[in-house]
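Chains as they are written, first to last, in this note's numbering: chain A, 199 to 319; chain B, 199 to 319. Backbone N, C-alpha and C fix where the C-beta goes; we use that ideal spot for every residue, glycine too. Please read the structure below before turning to the comments.
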DNA sequence: TTTATTGTACTATGCGAGTAATACAATAAT
DNA sequence: ATTATTGTATTACTCGCATAGTACAATAAA
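Following this line, the structure appears as structure tokens:
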């Protein structure tokens, strides 16, 4: 998996989201050391300052801890990771249902839409 | 319904989306004249230039037609409106399922999530 | 102790979004 | 024909994001 910087949203936000996703999926396992700011910046093709800002957000969300000179490590608290995963999923479903509701679709319509979309894959 | 400019995304995009939503919901019925650029800008609390950019997008999407001096009117082609509505709903569901998939949830998990979220409302 | 690596801080620059003020063009209303 | 209203265009300004380059602080490794 590589880095996708497509949106017109701030790059550091997109980087934080994708770093978070990697942690949630276990691509960066609990307790494991994360690549350094400079290395990840090189991978993603962005400025180290931008990646720095993105990675600092991981600590705000308690998904990583940073010791001054030994780099950052993914949290060993798997409960935090699981909770973040469920919350992200819940938010995605809620957003979708909100849009459908705005468009005038009933909850039962929503279920039909989901089933229909599933069949297309 | 008033205007929500919360995101950090370009304001004109958010305005276009909300104008579109009003047309899809019938708040601005087919064939009806839309308020002028200056008036809508005042309502939303944005610069007329920004609203101008947003409303021009409606014509790109064939949801409105603009005659030079008589303002813009909502398209009378209800098929276009219906198609836009279905497409918007489909995209919302697809986005949601994509996120759930990224998090490692199976399609059946996705359905459960939706049903669960529906019960919370 | 020395060195290299790590996170962090700082300043400067370019670019695009949004704002602001104004002017112009076209035409429906009078 | 005149006037007011409409969409459109132009210019200048401010601000935040991203980049670039450099420097500093702390500490694990040698």
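| request: Could you tell me whether the Cβ of residue 332 of chain A comes closer than 9 Å to any Cβ of chain B? | output: Past the edges of chain A, shown from 199 to 319, lies residue 332 of chain A, and the structure says nothing about it.
| request: Determine the extent of the alpha helix (DSSP H) in which residue 218 of chain A is found, giving its start and end residues. | output: 209 to 222
| said: On the DSSP letters alone, give me the boundaries of the beta strand (DSSP E) that residue 235 of chain B sits inside. | reply: Here residue 235 of chain B belongs to no beta strand (DSSP E); instead the alpha helix (DSSP H) covers 235 to 242.
| query | Is the beta carbon of residue 244 of chain A sitting closer than 9 Å to the one on residue 219 of chain A? | reply | no
| task | Would you mind giving the Cβ-Cβ distance between residue 301 of chain A and residue 308 of chain B, rounded to the nearest angstrom? I have them listed as a contact below 8 Å. | result | No, residue 301 of chain A and residue 308 of chain B are not in contact; Cβ-Cβ is about 20 Å, not under 8 Å.
| field | Where the alpha helix (DSSP H) through residue 276 of chain B begins and ends | value | 276 to 300
| field | Residue span of the beta strand (DSSP E) that contains residue 258 of chain A, given as start and end | value | Counting along the chain, residue 258 of chain A falls outside any beta strand (DSSP E), though it belongs to the alpha helix (DSSP H) covering 246 to 258.
| request: State the start and end residues of the unbroken alpha helix (DSSP H) segment that holds residue 306 of chain B. | output: 305 to 317
| message | Taking a contact to mean a Cβ-Cβ separation below 9 Å, would you say residue 270 of chain A touches residue 282 of chain A in this structure? | response | no
| request: Could you check the C-alpha separation between residue 227 of chain B and residue 294 of chain B for me, to the nearest Å? | output: 30 Å
| request: Using the Cα positions of residue 254 of chain B and residue 233 of chain B, report the straight-line distance between them to the nearest angstrom. | output: 13 Å
| Exposure label - residue 230 of chain A; buried when at least 16 CB within 10 Å | exposed
| task | Sort A/290, A/267, A/257, A/246 by Cα distance to residue 275 of chain A and report the nearest one. | result | A/257
| request: Would you mind stating whether residue 211 of chain B and residue 240 of chain B have Cβ atoms separated by less than 9 Å? | output: no
| Relative to the C-alpha of residue 221 of chain A, which residue among A/291, A/260, A/315, A/313 is closest? | A/260
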